[in-house]
Every structure is written in C-alpha cells, then in structure tokens.
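**Q**
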C-alpha cells in the first residue's frame with residue numbers, strides 16, 4: 120500500500136467579526152454637510168492628478184473619506200469640516216504610499232511634510248505633498264489656537280516615526296510582541312493628530328497641562344486603541360492577502376498561539392474592554408474650573424464620537440469590503456482572500472511614474 124500522507128487541517132476561508140457595533144454605547148452622528156464636503160474635498164485631492172488615472176479616482180470615490188470626516192467631526196462648521204476632510208484624504212494618501220516604500224523613502228516624505236508644517240509660508244518643494252500640506256494647514260491656523268497647532272505638528276511627527284519603524288519591521292519580516300505592537304500602533308494610526316482636530320473644529324483652547332493630565336492621556340490612548348484595533352479587525356483580510364503583518368491579529372496569533380478566528384475573538388474582547396475603560400475614565404475627570412471643564416467635556420465627547428464613526432464607516436467605505444459592506448455588516452462573515460504574489464500600491468506607483476504624488 121502507498122504511504123498515507125498525514126492529514127493537516129485546511130486553513131480557514133472565512134472568519135466571523137466580533138460584534139462591536141452592538142457593544143458600543145455611543146450613538147453615531149453625521150454632519151449635515153457630508154455631501155458637499157465629499158464633493159469639494161475629492162476635487163481638492165484630484166488637483167494635479169492626471170484625468171486618465173481612473174484607478175486612483177475610482178478608489179478615492181469608494182473611500183468615502185468626506186463621509187468619514189462628517190461622522191468623526193459632526194458638529195464642525197463647513198470650513199473646518201473641509202479642513203478635516205482634506206486632512207483625512209491626505210492621511211489616507213500617505214498611509215497607502217507608506218505600505219510599500221522603505222524607511223529611507225518614508226524619512227524623505229516626512230521631511231517634506233514637517234518642513235511644510237513648520238514653514239508653511241516659506242518652504243517650497245516640487246513634491247505634491249508640499250502643496251497639499253501647506254494648503255490645509257494654512258486654512259487651519261486661521262482659527263486654531265497655538266497649542267492646537269503645535270499638538271498637530273507633534274502628532275504628525277509621531278505618526279512618521281511610527282511609519283519609519285513599521286517599514287524597518289516589514290523589511291526584516293519582524294512581528295512585534297503584543298505590548299510592543301500596541302505602543303507602535305498608537306503612533307502609526309495617526310489618531311494623535313486626528314484628536315487634535317477635535318480641538319480645532321470646536322474652537323477649544325485647552326492648556327497643555329490639562330491635555331497632559333493622566334486621565335486625559337488615558338482617554339486619548341483608549342480611544343486610539345479602540346479605533347486602531349477595530350480597524351485592524353476589519354482590514355485584516357486585505358493586509359493578510361498582501362503579506363502585511365502590521366496588524367494586531369498577527370501579533371496576537373504569534374503571542375497567544377491562536378488561529379485567526381481565535382485572534383479575532385481575543386481582539387474583540389480587547390476592544391470591548393477599551394470601551395469600558397473609556398467610560399470609567401470619563402467618570403474620573405477632575406475639575407479645572409468652569410471654562411476649562413466645559414472645553415474638556417466637549418473634547419471628550421469628540422473622542423466618543425470617533426468610536427461609532429469608525430465602526431460604521433468601515434462598512435460604508437469600499438476600502439475593505441468593496442460593494443459588500445452592508446452584507447458584511449449584517450452577517451459579520453468575511454471571506455479571507457488568497458495571497459497576492461506581487462501586490463502593487465497605487466500611491467507608490469504613481470509616485471515612481473512622475474505624477475508628483477509625493
């Protein structure tokens with residue numbers, strides 16, 4: 120008789136997402152300006168992109184970034200919401216660009232962006248990111264407080280430091296332990312910069328010593344964790360197909376010796392605990408006086424708005440589930456995608472073909 124090959128379990132083809140929407144206690148909101156800001160912000164992004172690049176335009180339409188901004192900052196006036204939507208378009212562009220470039224190239228991108236932020240009236244570069252960065256930032260500084268502007272620059276600088284480390288890890292095939300991943304993900308998520316826009320759209324002027332208070336820091340980190348980890352859950356099937364491992368699912372599978380469904384369930388519980396921590400921290404806020412307390416309450420409510428905003432938008436955008444977002448939201452069943460041998464990053468390819476996306 121021929122030898123019998125040992126039977127190995129087939130890799131899973133589907134996973135079930137944790138039910139985070141039902142667990143989230145915060146109501147979703149959306150700005151009444153969401154349609155107009157979507158149109159105008161995409162027009163801003165397309166400025167300088169060749170009309171024949173249909174793939175870029177198609178992906179941008181499917182991203183629905185204006186709707187995302189309108190969910191995250193539902194009480195913003197229209198001019199401020201435009202800045203937020205343009206900023207998020209800019210952020211997704213950099214995120215896509217960074218997926219397939221090395222640490223040296225990320226440092227070059229960072230240099231253009233940070234010079235544009237610190238010297239918006241004098242720094243000039245042929246890179247398109249110079250124009251994009253200075254354009255939204257010049258509009259922002261018209262009404263933002265000096266502290267808000269400084270925190271934005273610091274948040275973006277932290278974001279690039281995280282991307283730089285992610286690129287180094289990606290090049291070496293390194294998957295960090297869970298604790299290290301959580302720390303790094305707080306940086307690569309860019310949420311620290313996004314939280315600054317809560318101050319901006321609400322015209323807040325919160326002192327540095329208040330923003331540095333341990334409870335405020337904990338609320339910030341907890342909201343980052345929830346937004347980043349839930350995004351990791353929803354994007355895992357895409358990233359896994361491309362061989363990307365900067366995802367909490369990969370870190371959990373490695374450290375806890377779990378399969379992908381076990382890791383999904385584990386991370387789902389982490390997300391629920393982060394909501395619980397946010398609710399408890401909110402109750403512990405100290406008092407700094409009537410004016411500051413009012414501003415802090417508005418800021419913390421802005422953090423709370425981000426949680427349902429991210430959850431619902433992830434099923435509205437075509438970035439993760441294409442046209443199947445409504446069905447996935449209903450069933451929570453996701454089909455895992457086959458591995459792609461040579462994934463192409465559109466943003467990176469645009470940059471290398473001379474369309475000045477950088």
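Residue numbers (our numbering): 120 to 477. Backbone N, C-alpha and C define an ideal beta-carbon position, used for all residues, glycine too.
1) Near residue 329, which residues of its chain fall below 7 Å by C-beta distance, leaving aside the five closest residues on each side in sequence?
2) Let me make sure I understand the geometry here. Which of 196, 186, 389, 353 has the alpha-carbon closest to that of residue 208?
3) If contacts are defined as beta-carbon pairs under 8 Å, then residue 358 and residue 366 qualify, I think. What distance do you get, rounded to the angstrom?
4) Are residue 205 and residue 165 touching if we call contact CB-CB under 8 Å?
5) Using the beta-carbon count (16 or more within 10 Å), is residue 428 buried or exposed?
6) For a quick check, are the C-beta atoms of residue 348 and residue 389 less than 8 Å apart?
7) Out of 435, 455, 456, which one is the CA nearest neighbour of residue 446?
8) Residue 361 by DSSP, collapsed to three states: which one?
9) Is residue 393 closer than 8 Å to residue 454 when the C-beta atoms are compared?
10) Where do the ends of the alpha helix (DSSP H) carrying residue 183 lie?
11) In the structure shown, what three-state DSSP assignment does residue 132 receive?
12) Considering only C-alpha positions, which residue in the set 159, 227, 237, 238 is nearest to residue 199?
13) When you compare only the Cα positions, how much space is there between residue 244 and residue 299?
14) With DSSP as the reference, label residue 294 as helix, strand or coil.
15) By DSSP's criteria, residue 454 is part of a beta bridge. Which residues make up the other side?
16) Going by C-alpha to C-alpha distance, which of 441, 280, 320 sits closest to residue 202?
17) What is the DSSP secondary structure of residue 242, reduced to helix, strand or coil?
18) Per DSSP, what kind of secondary structure is residue 143 in: helix, strand or coil?
19) Look up residue 413 in the DSSP assignment and say whether it is helix, strand or coil.
20) Here's the rule I'm using: 16 or more other beta-carbon atoms within 10 Å means buried, otherwise exposed. How should residue 402 be labelled?
21) By the DSSP assignment, the alpha helix (DSSP H) with residue 198 in it spans what residues?
22) Do the CB positions of residue 309 and residue 225 come within less than 8 Å of each other?
23) Return yes when the Cβ of residue 239 is within less than 8 Å of the Cβ of residue 431, no when it is not.
24) Where are the beta strand (DSSP E) runs, 3 residues long or more, that stay fully inside the segment 341–392, in chain order?
25) Unbroken alpha helix (DSSP H) runs of length 4 or more, entirely within the segment 273–339: which are they?
26) Count the other C-beta atoms from every protein chain shown that fall within 10 angstroms of the C-beta of residue 292, then say buried if there are 16 or more, exposed otherwise.
27) Under 8 Å by Cβ, that's how I've got residue 275 and residue 312 pegged, so tell me the actual separation to the nearest angstrom.
**A** Taking the coordinates as given:
1) Within the chain shown, numbered from 1, the residue matching residue 329 stands at position 210. Closer than 7 Å at the Cβ level, and outside the excluded window around residue 329, lie 335, 407, 411, 415.
2) Residue numbering aside, residue 208 sits at position 89 when the chain shown is read from its first letter. When only C-alpha atoms are compared, the closest one is 186.
3) Here residue 358 refers to the residue found at position 239 when the chain shown is read from its first residue. Here residue 366 refers to the residue found at position 247 when the chain shown is read from its first residue. With 8 Å as the limit, residue 358 and residue 366 qualify as a contact, their Cβ atoms being about 5 Å apart.
4) What you label residue 205 is simply residue 86 of the chain shown in a count that begins at 1. What you label residue 165 is simply residue 46 of the chain shown in a count that begins at 1. No, these two residues do not count as a Cβ contact at 8 Å.
5) Against the chain shown, residue 428 aligns to sequence position 309. The C-beta of residue 428 has 16 or more other C-beta atoms within 10 Å across all chains shown, which makes the residue buried.
6) Indexing the chain shown from 1 puts residue 348 at position 229. Indexing the chain shown from 1 puts residue 389 at position 270. Cβ distance < 8 Å, so residue 348 and residue 389 count as in contact.
7) As a working note, residue 446 is residue 327 in the chain shown. Taking only the C-alpha atoms, the option nearest residue 446 is 435.
8) Residue numbering aside, residue 361 sits at position 242 when the chain shown is read from its first letter. Correct three-state label for residue 361: coil.
9) Here residue 454 refers to the residue found at position 335 of the chain shown. Here residue 393 refers to the residue found at position 274 of the chain shown. Cβ atoms of residue 454 and residue 393: not closer than 8 Å.
10) Working through the chain shown from its first residue, we reach residue 183 at position 64. No alpha helix (DSSP H) holds residue 183; DSSP gives it neither H nor E.
11) Taking the chain shown and counting its residues from 1, one reaches residue 132 at position 13. The answer is coil: DSSP assigns residue 132 none of H, G, I, E or B.
12) Here residue 199 corresponds to residue number 80 of the chain shown, with the count starting at 1. Closest by alpha carbon: 159.
13) On the chain shown, residue 244 is found 125 positions in, with the first residue counted as 1. On the chain shown, residue 299 is found 180 positions in, with the first residue counted as 1. About 35 Å.
14) On the chain shown, residue 294 is found 175 positions in, with the first residue counted as 1. Coil at residue 294, not helix or strand.
15) In the chain shown, counting from the first residue as 1, residue 454 sits at position 335. The bridge partners DSSP lists for residue 454 are 133.
16) Position 83 of the chain shown, counted from the first residue, corresponds to residue 202. The residue with the shortest Cα to Cα distance from residue 202 is 320.
17) As a first step, residue 242 must be located in the chain shown, where it is residue number 123. Of the three classes helix, strand and coil, the one that applies to residue 242 here is coil, per DSSP.
18) Along the chain shown, one-based indexing puts residue 143 at 24. Coil.
19) Reading the chain shown from its first residue, position 294 is the one you call residue 413. The answer is helix: DSSP assigns residue 413 an H, G or I state.
20) As a working mapping, residue 402 is identified with position 283 in the chain shown. With fewer than 16 other Cβ atoms within 10 Å, it is exposed.
21) Here residue 198 corresponds to residue number 79 of the chain shown, with the count starting at 1. From DSSP, the alpha helix (DSSP H) with residue 198 extends over 197–217.
22) Within the chain shown, residue 309 is the residue found at index 190, counting from 1. Within the chain shown, residue 225 is the residue found at index 106, counting from 1. Their beta carbons are not under 8 Å apart, which means residue 309 does not touch residue 225 by this criterion.
23) The residue you call residue 431 lines up with position 312 of the chain shown. The residue you call residue 239 lines up with position 120 of the chain shown. No. Outside cutoff.
24) If we require 3 residues or more, the segment 341–392 turns out to have no beta strand (DSSP E) run fully inside it.
25) Correct list: 297–307, 310–320, 327–330.
26) Here residue 292 corresponds to residue number 173 of the chain shown, with the count starting at 1. Residue 292 is exposed by the Cβ-count criterion.
27) Taking the chain shown and counting its residues from 1, the one referred to as residue 275 is at position 156. Taking the chain shown and counting its residues from 1, the one referred to as residue 312 is at position 193. Indeed, because the Cβ distance is near 5 Å, the residues count as touching under 8 Å.
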